[in-house]
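Chains as they are written, first to last, in my numbering: chain A, 172 to 478; chain B, 340 to 672.
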């Protein structure tokens with residue numbers, strides 16, 4: 172070995188071990204779709220969080236002297252049939268839709284992953300947990316949602332205030348009714364992983380059960396979880412819209428993207444842009460999240476990571 | 340590395356296996372009721388001496404791997420005992436078993452499947468240290484590099500992932516993990532079966548080197564009779580879940596006692612064309628019976644060229660034949 176080579180080898184040996192997250196970030200940045208998705212998602216996020224400060228028109232205030240306006244400087248996206256500013260509604264609606272989507276997805280992924288892993292790994296829990304999953308899949312969701320919301324809307328409103336109360340209720344209801352697919356997919360993967368030799372090797376080392384789950388099982392089911400999560404955001408936003416439409420979600424004057432689409436669908440002939448903008452925002456959000464999920468999944472798999 | 344044992348270690352049995360049995364339940368129907376058992380391993384009894392290599396041979400499906408895994412208690416035995424240095428490990432549970440784990444390790448057949456694809460080689464080899472040893476991060480890193488060197492890999496590889504290595508290198512990683520805790524006993528479950536012939540010799544030589552350096556005891560499971568002849572001190576032959584013959588390597592290869600061993604050995608090609616031409620093969624007829632429904636009496640009788648009526652009625656006893664040889668056949672000796 173030459174001196175230079177030896178010095179290089181020394182450097183390699185003393186370098187700290189590669190950390191997972193730095194590797195993931197490096198790979199993520201190489202994924203063009205994921206980076207585009209991330210940029211769009213962050214832009215939408217900034218727009219809906221900071222936008223209302225700049226464009227400070229109350230989205231719920233009607234203005235009968237400015238009804239059905241086209242785009243003007245004061246109202247960049249025009250106004251609706253009772254003179255509410257469409258752009259302000261879009262920004263405020265985005266806040267709620269994004270918050271509902273992200274938190275409901277998180278809840279459903281957590282539940283689904285937990286139940287899927289427990290059912291797949293522990294043979295004794297498999298039967299009961301999977302029957303529970305079947306039970307939830309078989310429940311007629313809409314009547315169930317009706318009953319849950321009827322029962323808990325008023326207590327939650329008095330406890331947390333009208334908006335926070337209904338927000339918590341909707342997130343909970345969507346989360347609790349959408350974890351089943353994730354649980355099934357995760358269980359299937361875990362069943363296969365459990366029999367792999369590296370899990371056996373971990374057991375022969377004396378690794379404790381929970382460490383095997385965290386170190387060997389969980390990282391290897393990340394891909395299907397990622398896919399379920401990105402799809403979950405989209406379906407949570409859409410479910411929230413459907414609930415609002417049925418009068419079960421947020422109050423009528425409280426804008427969300429889904430609500431805007433439903434409120435304005437009657438004017439789709441005369442003013443299609445009122446449906447188009449929230450629809451576009453929804454589609455862009457879902458698309459950008461899907462791309463991010465795709466990139467993240469690839470970046471988390473060391474086999475795909477280029478050197 | 341610690342403990343240059345071998346020479347100083349007292350001779351004698353490191354491991355004593357008594358009537359080890361592993362049945363897998365067969366369940367069927369809506370209520371998942373048990374309708375039968377697969378007797379994968381049935382009444383295995385032998386000793387493994389300190390510092391030796393015991394070869395365990397048999398055709399595929401005969402229960403070799405199940406035996407190896409049951410001995411390490413990766414599977415719960417149905418019956419029987421495994422005494423490791425006098426401790427019955429089939430009776431241990433939870434924490435007590437966990438404390439025994441570092442003493443006995445395993446090397447797996449498939450070097451691809453036995454390494455977690457999402458962990459770096461360094462963290463794979465460090466896992467036993469994380470679990471069983473109290474070491475600082477720097478000590479662990481030093482130990483991982485030491486282990487990588489011991490198995491002939493570049494210590495700088497610690498930061499790479501398993502998929503970046505060849506089959507032989509991955510097997511070395513598996514070996515490094517197995518020896519990380521200075522075990523006394525290693526079950527090698529067909530460690531070379533998945534490897535290229537040119538790599539097989541390297542890995543076997545590595546195993547022999549490590550045995551010498553650290554005084555390891557091996558249970559070497561294989562279906563490669565010539566490799567077993569090369570590495571093993573004693574050889575046990577299994578057929579359909581039962582041991583049929585056990586003895587010192589030379590004695591078994593020179594004069595096998597059991598008709599199954601004779602048939603098995605007659606199938607080994609001889610690397611000399613002259614002798615090879617005169618080699619007479621004993622061709623067994625039929626297939627291995629199902630372990631879910633093994634034959635009565637001697638399990639080999641359905642294919643045995645010399646079977647008698649007695650063989651169908653009586654299960655042959657596992658008898659000592661002198662000279663450290665054991666056989667389970669009515670007609671032997």
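The beta-carbon is built from N, C-alpha and C at its ideal position, and this holds for glycine as well. The model shown is predicted, which means the values in this text are computed figures rather than measured ones.
Where residue i falls, given that 16 or more other Cβ within 10 Å makes a residue buried
i	result
residue 320 of chain A	buried
residue 478 of chain B	exposed
residue 434 of chain A	buried
residue 537 of chain B	exposed
residue 459 of chain A	buried
residue 349 of chain A	buried
residue 626 of chain B	exposed
residue 455 of chain B	buried
residue 466 of chain B	buried
residue 396 of chain B	buried
residue 614 of chain B	exposed
residue 357 of chain A	buried
residue 657 of chain B	buried
residue 635 of chain B	exposed
residue 497 of chain A	Since the first residue shown for chain A is 172 and the last is 478, residue 497 of chain A is missing from the structure and cannot be characterised.
residue 663 of chain B	exposed
residue 456 of chain A	buried
residue 416 of chain B	buried
residue 468 of chain B	buried
residue 469 of chain A	buried
residue 653 of chain B	exposed
residue 501 of chain B	buried
CB contact flag (residue i, residue j, <8 angstroms)
i	j	result
residue 356 of chain B	residue 445 of chain B	no
residue 569 of chain B	residue 398 of chain B	no
residue 527 of chain B	residue 545 of chain B	no
residue 449 of chain B	residue 533 of chain B	yes
residue 412 of chain A	residue 429 of chain A	yes
residue 556 of chain B	residue 389 of chain B	yes
residue 408 of chain A	residue 271 of chain A	yes
residue 385 of chain B	residue 575 of chain B	yes
residue 453 of chain B	residue 513 of chain B	yes
residue 429 of chain B	residue 420 of chain B	yes
residue 220 of chain A	residue 279 of chain A	no
residue 440 of chain B	residue 376 of chain A	yes
residue 431 of chain A	residue 288 of chain A	no
Residue nearest to residue i in terms of C-alpha spacing, selected from the options
i	options	result
residue 341 of chain A	A:357, A:354, A:356, A:323	A:323
residue 637 of chain B	B:358, B:381, B:361, B:573	B:381
residue 374 of chain A	B:365, B:362, B:471, B:402	B:471
residue 484 of chain A	A:466, A:223, A:242	Given a span of 172 to 478 for chain A in the structure shown, any question on residue 484 of chain A remains unanswerable.
residue 461 of chain B	B:660, B:498, B:490	B:498
residue 299 of chain B	B:401, B:663, B:427	With chain B running from 340 to 672 in the structure shown, residue 299 of chain B is simply not present.
residue 540 of chain B	B:519, B:552, B:566	B:566
residue 387 of chain B	B:648, B:360, B:558, B:376	B:558
residue 256 of chain A	A:229, A:274, A:382	A:229
residue 602 of chain B	B:580, B:611, B:643, B:612	B:643
residue 647 of chain B	B:598, B:408, B:458	B:598
residue 606 of chain B	B:474, B:618, B:475	B:618
residue 274 of chain A	A:403, A:368, A:297, A:452	A:403
Per-residue contacts from residue i into chain B (C-beta, under 8 angstroms)
i	result
residue 378 of chain A	466, 470
residue 474 of chain A	456, 500, 502
Cross-chain neighbours of residue i in chain A, by beta carbon under 9 angstroms
i	result
residue 455 of chain B	367, 369, 370, 372, 373, 386, 387, 390, 391
residue 597 of chain B	Per Cβ cutoff of 9 angstroms: no residues; residue 597 of chain B is ~31 angstroms from chain A at best.
residue 516 of chain B	372, 376
residue 487 of chain B	Ordered by position in chain A, no residue passes the 9 angstroms Cβ test against residue 487 of chain B, which lies about 10 angstroms from the chain.
residue 509 of chain B	Under the 9 angstroms cutoff, chain A gives no residues; its nearest Cβ is about 11 angstroms from residue 509 of chain B.
residue 482 of chain B	Correct list: empty, because the minimum Cβ distance to chain A is about 13 angstroms.
Under 7 angstroms by beta carbon: chain A residues contacting residue i
i	result
residue 427 of chain B	Ordered by position in chain A, no residue passes the 7 angstroms Cβ test against residue 427 of chain B, which lies about 18 angstroms from the chain.
residue 413 of chain B	371, 374, 375
residue 452 of chain B	367, 368, 369
residue 437 of chain B	377
residue 381 of chain B	Those do not exist, as residue 381 of chain B stays about 22 angstroms from chain A at its closest Cβ, beyond 7 angstroms.
residue 611 of chain B	The contacting residues do not exist; residue 611 of chain B stays about 38 angstroms from chain A at best.
Partner residues on chain A for residue i, Cβ-Cβ distance less than 8 angstroms
i	result
residue 445 of chain B	371, 372, 375
residue 477 of chain B	None at all; the shortest Cβ gap to chain A is about 10 angstroms.
residue 440 of chain B	375, 376, 377
* Asked: Between the stretch 433–447 of chain A and the stretch 262–273 of chain A, do three or more beta carbon pairs fall short of 8 angstroms?
  -> no
* Are at least three pairs of beta-carbons, each pair with one atom in the stretch 392–400 of chain A and one in the stretch 358–377 of chain A, less than 8 angstroms apart? -> yes
* Asked: Any chance the stretch 322–339 of chain A sits against the stretch 276–290 of chain A, with 3 or more Cβ pairs inside 8 angstroms?
  -> no
* Asked: Would you say the stretch 584–598 of chain B touches the stretch 660–668 of chain B, given that touching needs at least three Cβ pairs under 8 angstroms?
  -> yes
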